[in-house]
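Colleague: Take a look at the following structure, please.
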Amino acid sequence: MLQIGYLLHVICMPKDLQAALQDTASPLFMTAQVYQMLVDSRLLWKVWYIDEHDNIWVEVQFMNDDGEPEFHTIVVDEGTFEKIECDDYVVLDRLM
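So for the sequence shown, my numbering puts the first residue at 2; every next one is plus one.
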């Protein structure tokens, strides 16, 4: 486990996902929708996991349009977020 002192403010979509958002047949379409939700929400997101390549992951949980819960984890690309200082908290650095 790691201890970090920041939250993420996701400010824009990566270019590859911008294109996928326009193509419902794209295998990245759902990922693009979730990423767009991160941007549109203007929320600050807790980091869930930092992997062995230092990729930052967040958990996204919401009720879909059918009233069903959805659970996603997504890598937040460098350059698409700002780090906002906060009190330290623990994140995963490996998956069990």
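In this text, a Cβ means the ideal position worked out from N, Cα and C, and glycines have one as well.
Considering only C-alpha positions, which residue in the set 40, 82, 85, 61 is nearest to residue 72?
Modeller: Of 40, 82, 85, 61, the residue nearest in Cα terms is 61.
Colleague: Using a 10 Å radius around the Cβ and a threshold of 16 neighbouring Cβ atoms, would you call residue 90 buried or exposed?
Modeller: Flag for residue 90 reads exposed.
Colleague: Out of 27, 75, 14, 34, which one is the CA nearest neighbour of residue 49?
Modeller: The shortest Cα separation from residue 49 among 27, 75, 14, 34 belongs to 75.
Colleague: Could you name the residues of the same chain whose beta carbon sits closer than 8 Å to that of residue 17, not counting the 5 residues immediately before and after it, in chain order?
Modeller: Taken in chain order, the residues that qualify are 29.
Colleague: If you follow the beta strand (DSSP E) that residue 84 is in, where does it begin and where does it stop?
Modeller: Where residue 84 is concerned, the enclosing beta strand (DSSP E) stretches over 82 to 92.
Colleague: For residue 32, which of helix, strand or coil comes out of DSSP?
Modeller: Three-state result, residue 32: helix.
Colleague: When the Cα of residue 46 is compared with those of 10, 97, 5, which residue comes out closest?
Modeller: Checked all of 10, 97, 5; the closest Cα to residue 46 is 10.
Colleague: Three-state secondary structure (DSSP) at residue 22?
Modeller: It is coil, neither helix nor strand.
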